[in-house]
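Peer 1: Dumping the structure here so I can ask a few things about it.
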Amino acid sequence: MAKRQIGVLVMSYGTPESLDTIEAYYTHIRRGNPPSPEQLEELKARYEAIVGGFFPLRENTNRQVAALEEELNRDGGEVEYRCYQGLKHASPFIEDGVEQMVKDGIGEAVGVVLAPHYSSMSVGGYIKRAQEKADETGLRISFVESYHLHPKLLEALSVRVENALKKFEGVDKNDVRVIFSAHSLPARIVEMGDPYPDQLLETSRAIAEQVGITNWQFGWQSAGQTSVPWLGPDILDTLETVKKEEQVENVLVSPIGFVSDHLEVLYDLDIEAQQKAKELGIHLERTESLNTDPLYMQTLADVVRRQAEAN
Ligand code: FEC
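Shown next, in the form of structure tokens:
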């Protein structure tokens, strides 16, 4: 008997194909408004700085999607899961992923985003686009909205914090200020009652408990350059405050809002924040990204299976 087939739309941010396509990518992020020449140059310079024009997020997303498909089908059960990529700002776009499933004869699907915390401005946006395309094409789809307290995710993140704390040789773990971080969003999400800030704090608190640390705080990073206020304070200001007001000398940043090595980690933390820390005389380390950590793949597989069963 043929196995029941379930499509999995694995959604992720997307990255340019090459330095030449940064403008089109940036224009898409800005909802069709091209960036000014200065904005474009500034973004190109950031990509050039991380890896000389190689875009790590693309390869990392490919690997994550392949590893998730393997994990989902590992037990050889009655269901065959088929994973499709759907990117927010690059090809294959979210709509392309849905269309491809339908072309391949898939009738039911689950969508999941490679970002554990829900905001109407992040995950909510992915889901809206996928649902619209699914309605248009007749695909039955439901979504995992968040998985920020999944025990396996927490374990993977806690192990990373424990390992990175060992880099501060001779320093007691509670003398290292751990800053859990995530992408900032426009501050109006707070008035909208968006769960994003609370979910991030819940993840931070759970990791701190597992690792047994009390010296931690949360910090926002990578705010956009727009005229509206963004959630803050920004991590660069936080570094300055903790050094000047609390004489903190050792900081570990754990970017729990991201699951992969990409610009916001490799530039905003490893170059920009590191530079700031050097100026301030702070020893700064960062936890490793999840990428294809088996515990992360098991987290995703578990939430996808549960969603499929709930359908
Ligand atoms: O490595 C790469 O090529 C891509 C790295 C990347 C990730 C990422 C994740 C998130 N973003 C989120 C929100 C916003 C909002 C705006 C915005 C703008 C940018 C720009 C770049 C960029 N983001 Fe991003 N984001 C990444 C890259 N992001 C490049 C444009 C230049 C800049 O502002 O730095 C503002 C849009 C606007 O102008 O209106 C809002 C959120 C996440 C985490 C969740 C997720 O992955 O979806 C939230 C990775």
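If you're matching positions, the sequence shown starts at 12 in this note's numbering and goes up one per residue.
All residues carry an ideal CB built from backbone N, CA and C; glycine is no exception.
Can the beta-carbon of S192 be found less than 8 Å from the beta-carbon of W231?
Peer 2: Here residue 192 refers to the residue found at position 181 when the sequence shown is read from its first residue. Here residue 231 refers to the residue found at position 220 when the sequence shown is read from its first residue. Yes. Within cutoff.
Peer 1: Would you tell me roughly how many angstroms separate the C-alpha atoms of D279 and S233, rounded to the nearest one?
Peer 2: The residue labelled residue 279 in the question sits at position 268 within the sequence shown. The residue labelled residue 233 in the question sits at position 222 within the sequence shown. Whole-angstrom Cα-Cα distance: 7 Å.
Peer 1: Please determine, among A321, A312, V182, the residue with the shortest C-alpha to C-alpha distance to Y158.
Peer 2: By 1-based counting over the sequence shown, the position of residue 158 is 147. Ranking the options by Cα distance to Y158, first place goes to A312.
Peer 1: Any heavy atom of the ligand FEC closer than 7 Å to the CB of S130?
Peer 2: If you number the sequence shown from 1, residue 130 lands on position 119. Flag set: Cβ of S130 near the ligand FEC.
Peer 1: Below 7 Å, is the gap between the Cβ of R41 and the nearest heavy atom of the ligand FEC?
Peer 2: Within the sequence shown, residue 41 is the residue found at index 30, counting from 1. Answer for R41: yes, Cβ within range of the ligand FEC.
Peer 1: Are the C-beta atoms of L125 and some chain D residue less than 8 Å apart?
Peer 2: Absent from the structure: chain D. Only one protein chain is present.
Peer 1: Between V113 and L150, is the Cβ-Cβ spacing less than 8 Å?
Peer 2: Start at 1 with the first residue of the sequence shown, and residue 113 comes out as number 102. Start at 1 with the first residue of the sequence shown, and residue 150 comes out as number 139. The answer is yes: Cβ separation under 8 Å.
Peer 1: Whole angstroms is fine: what's the gap from P127's alpha carbon to D31's?
Peer 2: As a first step, residue 127 must be located in the sequence shown, where it is residue number 116. As a first step, residue 31 must be located in the sequence shown, where it is residue number 20. Approximately 31 Å, taken between the alpha carbons.
Peer 1: Within the chosen definition, does the region 20 to 40 reach the region 238 to 249 through at least 3 CB pairs nearer than 8 Å?
Peer 2: As far as the Cβ criterion goes, the region 20 to 40 does not touch the region 238 to 249, which means the pair count is below three.
Peer 1: For L54, count neighbouring C-beta atoms within 10 Å of its own C-beta (all shown protein chains included) and say buried if the count is 16 or more, exposed if not.
Peer 2: In the sequence shown, the residue the question calls residue 54 occupies position 43. Looking at its Cβ environment, which holds 16 or more other Cβ atoms inside 10 Å, L54 is buried.
Peer 1: Measuring straight from C-alpha to C-alpha, what distance separates Y24 and R171?
Peer 2: Locating residue 24 in the sequence shown gives position 13, counting from the first residue. Locating residue 171 in the sequence shown gives position 160, counting from the first residue. So the two alpha carbons sit approximately 23 Å from each other.
Peer 1: Check whether the Cβ atoms of T310 and K163 lie closer than 8 Å to each other.
Peer 2: In the sequence shown, residue 310 corresponds to position 299, counting from 1. In the sequence shown, residue 163 corresponds to position 152, counting from 1. Yes, they are a contact pair.
Peer 1: Alpha carbon to alpha carbon, what distance is there between G88 and K14?
Peer 2: Within the sequence shown, the letter at position 3 stands for residue 14. Within the sequence shown, the letter at position 77 stands for residue 88. Spanning the two alpha carbons is a distance of roughly 8 Å.
Peer 1: Please find out if some non-hydrogen atom of the ligand FEC comes closer than 7 Å to the beta-carbon of K139.
Peer 2: On the sequence shown, residue 139 is found 128 positions in, with the first residue counted as 1. Incorrect: K139 has no Cβ contact closer than 7 Å to the ligand FEC.
Peer 1: Could you give the uninterrupted runs of the beta strand (DSSP E) lying entirely in the region 119 to 173, keeping only those of 3 residues or more?
Peer 2: Runs found: 119 to 124, 151 to 154.
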